[in-house]
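Take the sequence shown: its letter number 464 is residue 464 in UniProt numbering, and every next letter is one higher.
The C-beta atom is built at its ideal place from N, Cα and C for all residues, glycine as well.
Every value quoted in this text rests on a predicted model; they were computed, and no experiment measured them.
First comes the structure, then the notes that go with it.
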Amino acid sequence: MNQSKDFTKAHLQDLELIFQQLVLIDRADSLEASEKEINRLLQALGDYTGAGRAYIFEALENEKVYTNTYEWCAEGVLPQIQNLQKIHAEEMPCWYQLFKEGKSVVIPDLEVIRVTMPSEYELLSFQDIVTEISFPIFWKKQLSGFIGLDNPRIDEVNIFINMLELVGGHLGSIWSGYRQDKKLDENRIELRQDQEYLSVLSRDYIAVYAVNLGDGRARVLKLANEQIASSFRWQAEREITNYDAAISMYAEKFVDASNRQDFIRRLDRTYLEREFKKRERCAFRYRTRMEDGRIKYFEAYAVCMEPEEGSVRMMLGFRNVDDIVAQERRRQNELEVALEETKLSNEIISAISKIYVSIFRIDLERDFYEEVSSENEIHRLTGNSGEASSKMVEICENFVATEYRDRVRKFFDLTTLADRLSEEETLAMEYLATDGNWHIARFVVKKRDFSGRTVNVLYVTRIISDSKRREQNWIAIAEEASRANAAKTEFLSRMAHDIRTPLNAMLGFTRIAKENLEQHEKVKDAFEKIEAAGKYLQQLADDVLDLTQIENGQMRNEPQETNVLKLYDECMDIIQNTKGRKNLELSGKKHDIFREYVWIDAFRLKQIYVNLLSNAVKYTPDGGKVTFEMYEEPSEKEGVVKFISVIEDTGIGMTTAYMKEMYHKFTRAVDTRVNQVRGSGLGLSIVKQLVDLMDGKISVKSVPEKGTRFQLEFEVACPERLTKEGSGQANGEHRCKIEAACVGLHLLIAEDNDLNYEVAEELLAMKQISCERAEDGRVCVEKFAGSEEGTYDAILMDIQMPVMNGVEAASMIRGMERPDAKAIPIIAMTANAFSEDVKKSMDAGMNEHLAKPMNLEKLLDTLYRCCKTNRE
């Protein structure tokens, strides 16, 4: 008994050591440190399982080749790492397939796999391996490698396989981080190389290029906004494919005629290759003549670089040397005195003092400062000169806000400043001062010694509170824009989730109609169902185009008088076709509905039903059953009834854990059966938001492997209306009146799309309305202007047309000097349904704005109303 306890205690200690090693690997701050901890992890795994060898293989070359990168061996076990480099997946095909499927390999006896895994058997037997455990390392569904244990105690570690797979997943995550760090380091190296290129020539140069003299290609490293450089950007490309042509073009356009041939000769590739054999640098000056006749001087400077694959490369820079030429025309000593006097003049100091609140000249070698100018911000400092390092400490302690002092103290450290300025001309840092203002402190190189090391600097301080506030304001604006964009993206995602189901219904019923053309009733029924699904899609599109709704991230609840029995049948039709060939029993139950019409948002209710029904169909296997039940219960409130719906299935069900998160956006159950069903994870989130929007209640019961039951409850008002017979008769009479009033109308239709016009023409002809086409806005204006008054009863105007759009055409018609130009109804018919598009139509003088696709009943209502008003 005591031996068993000791054994268990030892195993627990080994297990604790394994998890400690995972934590240490996580905390490793370098690749070397992590490798050390990974080796210790392998030792812990070996000790834990009693293995003779523990190892790790990493995937190379897109998971097809594996190499042994880490190894631990027990005492007396011969290392194999040198013999196991670059093992191809074909050498271990069975293991590779199992690893790709996320499965582990457990071999209790090597002889068991002699037939089933011959390749692996040969590989293991060569190493005197009898038992084996190997498990994959995954990261983001990608096989990164595997961990193996040679000759472990199989009978004692079977229960810990899941723990070992956890180790593999953890290492996969860590390796991914290493690869990202490595890629980042490579990018940094590449950036540093570019910066080194620029540091050679770019400080004073308006243009710098890296040129391959062998193939005549060049890369633009710097191109300033100076007039000549910006006006001639060598086709504005970062890569120049024909260096010779570019040099000739530049010479012809900018170089003065007296220097042109010499310019081309000196920059000829053959000439430069010959010169670089003698010396490393070539430089010459040339003149350019500006458009206003002024002469400017430039210098071309070429530096030979290390050859690349046999080709000579160079850095080529151009700089303006007008100042240098002017210097050479004056005495050098006089210029130096003038420059020094200028630097020290009170005028310049005064001008600088208006920008900076303090200026110090600092001698880094002597650790000495001299205050050049001062303002009230630092008037409490004692003395105007002294020990520079002490002064910087004093400024930090007295004027820098506490939370910034550590960073500023490092920035003010004069012992490291020369090193930090080795390849920089200036260093700056922003900080918050104790008085609440934002300051920017800057060191500027004033003088370097013969080796290029900085020995004198200027230290300046400036208040930037106003610019900082503007910066923070822009950040706030950007964050607000980001939130608005996120709301828009979320809304569009939700809408896209609901489009597929009715679209499937439309495609399915279209096929039914095509294959049953002789069965008129079946074709008519299919078309009616296609129309119902199409209207549903149209309503979805209308909501997507409502900018206000998108930007607010909200949907509107718009109750209307709704026939719930008809809505029920439409949902059943859509979902009946959605199930396709799936062997499911769809059962509908509608009972105890005493009020066929209720006051509810029909479109939102249909969204809820279709979402839940489509989920039920998707997650119920063949042979299962989906039930849709609808009934009514009395309510304690007067004039209100409880409208209850139940959607139940015998599908895979949901776990208790998932049900706690099922209404969260993008949430899907972690289940291999669910993973085989495509979906965005938005369905239940949309349902919950819609139910809450409509002040309803939703409850769910679900048992894994048995099914799910959703119950919806809405308290809805009952509209006072005519009987169905009376209402239908009144509506029918009104429609007849509208259609009769529209008979004989003659319309001018501005439509650039042939198919759209053909549809409109046929539908209008069915109602005895004639029409004439204008292919674009200009033709529409010309036809109206050339017609007699009263020729057209109304104009249907598309918005997006070639030559002239509908808004411009409507404005021109309204501006004509003829009596009917102001009165003729102009109705916009377009896919542009944003609120701003409607406003543009109305501002142009149009009477109505109808969204495509054409709704004939709505168009007849609009024509009746507009033409009636026009006649009156």
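Taking residue i and residue j to be in contact with their CB atoms under 8 Å, please state how far apart those CB atoms are, rounded to whole angstroms.
i           : j           : result
residue 622 : residue 660 : Contact doesn't hold; Cβ gap of about 30 Å is too wide.
residue 266 : residue 216 : That pair is no contact at about 16 Å.
residue 223 : residue 313 : Not a contact, Cβ separation roughly 19 Å.
residue 702 : residue 653 : 5 Å
residue 745 : residue 794 : 7 Å
residue 454 : residue 421 : 4 Å
residue 784 : residue 748 : 6 Å
residue 401 : residue 433 : 6 Å
residue 321 : residue 285 : 6 Å
residue 209 : residue 218 : 5 Å
residue 88  : residue 64  : 7 Å
residue 883 : residue 577 : The structure shown has nothing for residue 883, since the chain only spans 1 to 872.
residue 719 : residue 561 : 5 Å
residue 575 : residue 617 : 6 Å
Relative to the C-alpha of residue i, which residue among the options is closest?
i           : options            : result
residue 77  : 50, 298, 58, 846   : 50
residue 389 : 795, 459, 784, 521 : 459
residue 462 : 452, 428, 424      : 428
residue 584 : 619, 609, 602, 420 : 619
residue 875 : 774, 812, 209, 45  : Beyond the ends of the chain as shown, which are 1 and 872, falls residue 875; an answer cannot be given.
residue 571 : 516, 598, 521, 630 : 630
residue 53  : 859, 758, 72       : 72
residue 107 : 800, 837, 124, 625 : 124
residue 446 : 185, 481, 362, 507 : 362
residue 817 : 841, 805, 781      : 781
residue 768 : 783, 784, 743      : 743
residue 435 : 791, 60, 398, 418  : 398
residue 646 : 790, 573, 597, 709 : 709
residue 416 : 395, 367, 405      : 367
residue 605 : 850, 116, 556, 452 : 556
residue 418 : 394, 443, 55       : 443
residue 282 : 293, 38, 291, 299  : 299
residue 698 : 837, 644, 274      : 644
Mapping the DSSP letters down to three states, classify residue i as helix, strand or coil.
i           : result
residue 569 : helix
residue 504 : helix
residue 355 : coil
residue 210 : strand
residue 285 : strand
residue 205 : coil
residue 66  : strand
residue 135 : strand
residue 216 : coil
residue 76  : coil
residue 294 : coil
residue 563 : strand
residue 709 : strand
residue 249 : helix
residue 740 : helix
residue 51  : coil
residue 452 : coil
residue 586 : strand
Are the CB atoms of residue i and residue j nearer to each other than 8 Å?
i           : j           : result
residue 760 : residue 751 : yes
residue 778 : residue 807 : no
residue 825 : residue 866 : yes
residue 526 : residue 513 : yes
residue 608 : residue 712 : yes
residue 133 : residue 144 : no
residue 129 : residue 110 : yes
residue 264 : residue 251 : yes
residue 741 : residue 568 : no
residue 68  : residue 85  : yes
residue 821 : residue 813 : yes
residue 430 : residue 477 : no
Using a Cβ-Cβ distance cut-off of 8 Å, determine whether residue i contacts chain C.
i           : result
residue 827 : The structure shown contains no chain C, having only a single protein chain.
For the ligand MG, I want to know if residue i counts as a neighbour, meaning its beta carbon is within less than 7 Å of at least one of the ligand's heavy atoms.
i           : result
residue 558 : Absence of the ligand MG from the depicted structure is noted, as is the absence of any ligand whatsoever, leaving it without description.
Inside the UniProt domain "Response regulatory" (746-867) only - beta strand (DSSP E) runs reaching at least 3 residues: Counting whole runs of 3 or more residues, the UniProt domain "Response regulatory" (746-867) contains the beta strand (DSSP E) stretches 746-750, 770-774, 794-797, 826-830, 848-851.
Could you tell me which uninterrupted alpha helix (DSSP H) segments, each at least 4 residues in length, are contained entirely in the region 369-442, listed from first to last along the chain? Runs of the alpha helix (DSSP H) inside the region 369-442: 388-399, 405-411, 417-420.
Output the residue ranges of the beta strand (DSSP E) runs that lie fully inside the region 85-119 and measure 3 residues or longer, sorted by chain position. Here the runs fully enclosed are 105-107.
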